[in-house]
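> In my numbering, the protein residues as written are 2 to 382. Even glycine gets a Cβ: it sits at the ideal position worked out from N, Cα and C.
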Ligand SMILES: [Zn+2]
C-alpha cells in the first residue's frame with residue numbers, strides 16, 4: 002500500500018538525525034504505530050476530516066446500499082477520493098468502501114452498483130486474509146529496523162527491495178481473493194452480465210488492455226468476463242509487449258510498491274549510478290543517515306585526497322557522533338601527530354584500545370608516534 006511505503010520513507014528521513022539509542026527506540030515505536038494506522042486505512046479518515054475525501058453523493062450511496070442488500074452486507078460509509086483514474090477500493094478493517102471521483106463521474110448507476118458489490122466482497126474476506134493484508138502493510142518496519150541497526154544505505158536498500166519482492170509475490174497470491182470478490186459480485190446480479198460489462202467499461206475508460214501478463218493483483222479482464230458468464234465479442238487478445246506490459250505494471254498496479262522504491266533508489270544510488278564518485282555517494286550517505294561511520298568514511302576519503310585539515314575535522318566529528326572504528330581512530334591520531342597537536346593525539350589514543358581492531362605492527366606505530374610526538378621539536382629548541 003502506498004501510504005505505508007511513503008510513511009516508511011518519511012521515517013527514514015526523520016531517523017537520519019536520530020542517533021541516541023533510546024531516541025532511536027522511540028522513533029521505531031512511532032514508526033510501528035504509524036504503519037499500523039496506515040495498514041488499517043486510518044489515513045482515509047484523516048483525509049476526510051481535512052475534507053480531501055468526501056462522503057458519497059446520494060447516487061453513489063444508493064448504489065452501494067442496493068449492492069449491500071444484494072450481497073448481504075452493507076458497509077458503514079462510502080467515500081469519494083479525488084483521483085482521475087476510475088477505481089474503487091475496499092477498506093476491510095474500517096468496513097468502508099471508496100470510489101474515485103472519476104468513477105463516480107463517468108460510470109452509470111448500474112456500473113457503480115456492480116463494482117460496489119465486488120468491493121463489498123472484499124469486506125467479507127476471512128479474518129486470516131485481513132490479518133495477512135495488515136501484516137503486508139507492517140512489513141515496511143523491516144527496512145526501518147535494518148536502518149536503525151546498520152544505518153547505511155546499502156543494507157537499507159536491500160531490505161527495501163526484499164519487502165517489495167515479498168509484497169509483489171504475496172500480492173499476486175492474493176489474486177484468489179479477487180476471484181472470490183468477483184464471484185460475490187456476480188451472485189444475484191440484476192440483468193445477467195451487468196458485472197462483466199461494468200468491468201469492461203472500467204478497463205475501457207482507464208485504457209487498460211483486456212489481457213496483461215506477469216504478476217498482477219487482478220486476473221485479466223478477459224478472464225474475469227468469461228468467469229462472470231459473458232463471452233467478449235472478440236477473441237482473447239495476446240498481452241501487450243513485455244516492455245509495454247512492464248511499463249503498465251509500473252505505472253498502474255505496481256505503483257504503490259515501485260514508486261517509493263524508485264524514490265529511494267534515486268536518492269541513495271543515483272549519484273553512484275551516474276558515476277559521480279565515492280565522495281558524492283558518501284556525502285549522500287551523510288545527508289541521509291548522518292551516522293558517525295558515514296562521516297568517518299568521508300574523512301578517510303578526504304585524507305586519501307590529501308585534504309588533511311578537513312579530514313582531521315571530519316574524523317573528530319565522526320567520533321563525536323559515535324564512530325568507534327579503531328582504524329579511523331588511528332588515522333586521526335596520526336593526523337594529530339603530523340599537525341603537532343600532541344595533547345589531542347594522546348587524548349584520542351586514550352579513548353580506544355589500539356590492540357583491538359588494528360594489527361600489532363600498526364598499533365605499535367601509532368603508539369610510538371604519540372610517544373615521540375613533541376620530542377623532536379623539543380630537542381631542537
Ligand atoms: Zn478487488
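Quick check on residue 222: does DSSP put it in helix, strand or coil?
Taking the first residue of the chain shown as 1, we reach residue 222 at position 221. The answer is helix: DSSP assigns residue 222 an H, G or I state.
> My understanding is that residue 16 touches residue 149, with C-beta atoms under 8 Å, so please give their C-beta distance in whole angstroms.
Working through the chain shown from its first residue, we reach residue 16 at position 15. Working through the chain shown from its first residue, we reach residue 149 at position 148. Going by Cβ atoms, the distance from residue 16 to residue 149 rounds to 7 Å, so yes, they are a contact pair.
> Could you pull the DSSP bridge partners for residue 81 from this structure?
Here residue 81 is taken as the residue at index 80 of the chain shown, counted from 1. BP columns for residue 81 point to 55, 100.
> Going residue by residue through the region 341-369, where are the continuous alpha helix (DSSP H) segments of at least 4 residues, counting only ones entirely within it?
Counting whole runs of 4 or more residues, the region 341-369 contains the alpha helix (DSSP H) stretches 343-351.
> With 16 as the cutoff for other CB atoms within 10 Å, does residue 60 come out buried or exposed?
Working through the chain shown from its first residue, we reach residue 60 at position 59. Result: exposed.
> Taking the beta strand (DSSP E) that residue 1 belongs to, which residues open and close that run?
Nothing in the structure corresponds to residue 1, since the chain is present only between 2 and 382.
> For residue 166, name the three-state secondary structure that DSSP assigns.
Against the chain shown, residue 166 aligns to sequence position 165. Residue 166: helix per DSSP, three-state reduction.
> Tell me which residues share the same chain as residue 78 and place their Cβ nearer than 6 Å to its Cβ, disregarding the 5 neighbours each side in the sequence.
The residue given as residue 78 occupies position 77 in the chain shown. Cβ within range, chain order: 97.
> In the DSSP assignment, the alpha helix (DSSP H) including residue 337 goes from what residue to what residue?
Numbered from its first residue, the chain shown carries residue 337 at position 336. Run containing residue 337: 327-339, per the alpha helix (DSSP H) assignment.
> Return the CA-CA distance between residue 73 and residue 29, expressed in angstroms with no decimal places.
Counting from 1 along the chain shown, the entry for residue 73 is found at position 72. Counting from 1 along the chain shown, the entry for residue 29 is found at position 28. The alpha-carbon atoms of residue 73 and residue 29 are separated by roughly 41 Å.
> Which residues, in chain order, sit with a beta-carbon under 6 Å away from any heavy atom of ligand 1?
Residues flagged by the Cβ proximity filter: 119, 123, 179, 182.
> State buried or exposed for residue 21, treating a residue as buried only when at least 16 other CB atoms are found within 10 Å of its CB.
Within the chain shown, the letter at position 20 stands for residue 21. Per the 10 Å Cβ criterion, exposed.
> Could you check whether residue 116 and residue 69 sit closer than 7 Å to each other, using their CB atoms as the reference points?
As a position in the chain shown, residue 69 is number 68, starting the count at 1. As a position in the chain shown, residue 116 is number 115, starting the count at 1. Not a contact, by the Cβ cut-off of 7 Å.
> So what's residue 139 in DSSP terms, helix, strand or just coil?
Locating residue 139 in the chain shown gives position 138, counting from the first residue. Note: residue 139 maps to helix in three-state DSSP.
> Return yes when the Cβ of residue 212 is within less than 7 Å of the Cβ of residue 223, no when it is not.
Translated into positions along the chain shown, residue 223 becomes position 222. Translated into positions along the chain shown, residue 212 becomes position 211. A contact, by the Cβ cut-off of 7 Å.
> When burial is assigned at 16 or more other CB atoms within 10 Å of the CB, is residue 298 buried or exposed?
Here residue 298 refers to the residue found at position 297 of the chain shown. Buried, since its Cβ has 16 or more Cβ neighbours within 10 Å.
> Would you say residue 1 and residue 286 are within 7 Å of each other, going by their C-beta atoms?
It is not possible to answer for residue 1, since the shown part of the chain is limited to 2 through 382.
> Taking residue 284 and residue 296 to be in contact with their CB atoms under 8 Å, please state how far apart those CB atoms are, rounded to whole angstroms.
The residue you call residue 284 lines up with position 283 of the chain shown. The residue you call residue 296 lines up with position 295 of the chain shown. About 10 Å; that fails the 8 Å criterion.
> Determine the direct distance from the alpha carbon of residue 182 to that of residue 118, and round the result to whole angstroms.
Here residue 118 corresponds to residue number 117 of the chain shown, with the count starting at 1. Here residue 182 corresponds to residue number 181 of the chain shown, with the count starting at 1. So the alpha carbons of these two residues sit roughly 8 Å apart.
> Suppose you measure from the CA of residue 45 to the CA of residue 156; what does that come to, to the nearest Å?
Residue mapping note: residue 45 aligns to position 44 of the chain shown, counting from 1. Residue mapping note: residue 156 aligns to position 155 of the chain shown, counting from 1. So the alpha carbons of these two residues sit roughly 32 Å apart.
> Classify residue 188 as helix, strand or coil using the three-state DSSP reduction.
Numbered from 1 along the chain shown, position 187 holds the residue referred to as residue 188. Residue state, collapsed to three classes: coil.
> How many angstroms separate the CA atom of residue 374 from the CA atom of residue 291?
Numbered from 1 along the chain shown, position 373 holds the residue referred to as residue 374. Numbered from 1 along the chain shown, position 290 holds the residue referred to as residue 291. Taking the straight line from one Cα to the other gives about 33 Å.
> Roughly how many angstroms lie between the CA atoms of residue 93 and residue 244, to the nearest whole one?
Position 92 of the chain shown, counted from the start, is the residue given in the question as residue 93. Position 243 of the chain shown, counted from the start, is the residue given in the question as residue 244. Each residue's alpha carbon lies about 34 Å from the other.
> Which word fits residue 205, buried or exposed, when buried means at least 16 other C-beta atoms lie within 10 angstroms of its C-beta?
Within the chain shown, the letter at position 204 stands for residue 205. Exposed: under 16 other Cβ atoms inside 10 Å.
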